[in-house]
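In the order they appear, the protein sequences are chains U and E. Under my numbering, residues 64 to 178 are what the first sequence spells out, in order. Under my numbering, residues -17 to 116 are what the second sequence spells out, in order. No residue lacks a Cβ here, since even glycine has one placed at the ideal position from N, Cα and C. The next block holds one structure in the form of structure tokens; read it before the comments.
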Amino acid sequence: MPGDQPYNVYREQLSPLYHGNALWEPSPIRRFYDQVSIGDVGYIDEGFFHRMFNVTLEWNDDSNKKLGEPDYYKRLDDDPFNNIRESTLAKGEYYSRNMSLQDNTDNHHAKEPRE
Amino acid sequence: MYKSKGRGALLSLPHDGHRKDVMRTKMYEDYIRDNVVSWFEWSKKMRLGVERMEDLILVTGCTLVTSWAAAAFVDQSQEAEISLAAQALSNGGGRFYWSRIRGNVPRHNSPLDPVRSPRCQCSFLPCTDSYLVL
């Protein structure tokens, strides 16, 4: 069943951590893009993020043509210096709430908001 | 050692991740509303396999790391367990040792070397804060 696939279980189980969509296959295919970026439009399939194009770039930017030239769109005009917060995600282990742990430290347990 | 009664998941990061988030998302929400129909039509035209409009994502945040290990406890009815020792390497990479595996626990990890130069802080993404189009 699709729900039993590791990429679905992984995404579902880590979502209560509120760090976003956990990708089972996090590394991009380099010939398509180097890294996921703010403004990317795409979809997740089997734990992999497929980038279609990035709307902070012009519609006909070369990097937006990897899957085919997009239809015209008006670029999203945002100021990255004033509207993007940078922070650190602490190293350690992140795991779902129904798991138990022995002999580990620096871990982050998924919890419901009211817990 | 990690034990799970039913489904579970584990992500191990030997090094801090670098996170970026859009602070004011209203502009992005409006932008999605104005464009999502044409994005979906384009994905259909290109036969990308996007089944529903709400499957499209506009990324408003992401976390980039240089090494990682991931495991999924996929069996809903069985108890499973696994041990993981993660060693952070000075170059940003990581070394991972999986052991004492019991049950169905698919797992994998990044290679020994960092996925990208840690100096540029842009290796890859274990999680993406994304705005799901509704």
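>> Which residue marks the beginning of the alpha helix (DSSP H) containing glutamate 11 (chain E), and which one marks its end?
In response: Taking the second sequence and counting its residues from 1, one reaches residue 11 (chain E) at position 29. Glutamate 11 (chain E) -> alpha helix (DSSP H) spans 8 to 27.
> In or out: threonine 151 (chain U) buried (at least 16 other Cβ within 10 Å) or exposed?
Replying inline: Position 88 of the first sequence, counted from the first residue, corresponds to residue 151 (chain U). The residue in question, threonine 151 (chain U), is exposed, as its Cβ has fewer than 16 Cβ neighbours within 10 Å.
>> Let's see if you can read the secondary structure: which residues bound the beta strand (DSSP E) around glutamate 61 (chain E)?
In response: One-based indexing of the second sequence puts residue 61 (chain E) at position 79. Start and end: 61 to 70.
> So what's tyrosine 70 (chain U) in DSSP terms, helix, strand or just coil?
Replying inline: In the first sequence, the residue the question calls residue 70 (chain U) occupies position 7. Helix.
> Which residues bound the beta strand (DSSP E) around leucine 164 (chain U)?
Replying inline: Taking the first residue of the first sequence as 1, we reach residue 164 (chain U) at position 101. Boundaries of the beta strand (DSSP E) harbouring leucine 164 (chain U): 162 to 164, taken from the DSSP string.
>> So the candidates are E:Cys44, E:Trp50 and E:Glu11; which of them puts its Cα closest to the Cα of tyrosine 157 (chain U)?
In response: As a working note, residue 157 (chain U) is residue 94 in the first sequence. The shortest Cα separation from tyrosine 157 (chain U) among E:Cys44, E:Trp50 and E:Glu11 belongs to E:Trp50.
> Under 7 Å Cβ-Cβ, which residues of chain E neighbour leucine 120 (chain U)?
Replying inline: Taking the first residue of the first sequence as 1, we reach residue 120 (chain U) at position 57. Near leucine 120 (chain U) there are no residues of chain E at all, since even the closest Cβ is about 13 Å away, more than 7 Å.
> Is arginine 84 (chain E) buried or exposed, if buried means 16 or more other CB atoms sit within 10 Å of its CB?
Replying inline: Working through the second sequence from its first residue, we reach residue 84 (chain E) at position 102. By the neighbour-count rule (16 or more Cβ atoms within 10 Å), arginine 84 (chain E) is not buried but exposed.
> What are the boundary residues of the beta strand (DSSP E) that serine 55 (chain U) is part of?
Replying inline: There is simply no residue 55 (chain U) to check, as chain U begins at 64 and stops at 178 in what is shown.
> Okay, do the stretch -15 to 4 of chain E and the stretch 68 to 75 of chain E touch, 3+ Cβ pairs below 8 Å being the bar?
Replying inline: Verdict: yes, contact present.
> Should the stretch 134 to 145 of chain U be called in touch with the stretch 9 to 27 of chain E, which here means at least 3 C-beta pairs below 8 Å?
Replying inline: Segments in contact, yes.
>> I'd like to know whether the C-beta atoms of serine 81 (chain E) and serine 92 (chain E) end up nearer to each other than 8 Å.
In response: Along the second sequence, one-based indexing puts residue 81 (chain E) at 99. Along the second sequence, one-based indexing puts residue 92 (chain E) at 110. The answer is no: Cβ separation not under 8 Å.
> How long is the line joining the alpha carbons of glutamine 98 (chain U) and leucine 38 (chain E), rounded to whole angstroms?
Replying inline: As a first step, residue 98 (chain U) is located in the first sequence; it is residue number 35 there, counting from the start. As a first step, residue 38 (chain E) is located in the second sequence; it is residue number 56 there, counting from the start. Looking at the two C-alpha atoms, the distance is approximately 18 Å.
> Would you say tryptophan 21 (chain E) reaches chain U, if we count a Cβ-Cβ gap shorter than 8 Å as a contact?
Replying inline: Within the second sequence, numbered from 1, the residue matching residue 21 (chain E) stands at position 39. Chain U contact via Cβ: present.
> Count the other CB atoms within 10 Å of the CB of methionine 9 (chain E); is the residue buried (16 or more) or exposed (fewer)?
Replying inline: Along the second sequence, one-based indexing puts residue 9 (chain E) at 27. Around the Cβ of methionine 9 (chain E), a 10 Å sphere holds fewer than 16 other Cβ atoms; the residue is exposed.
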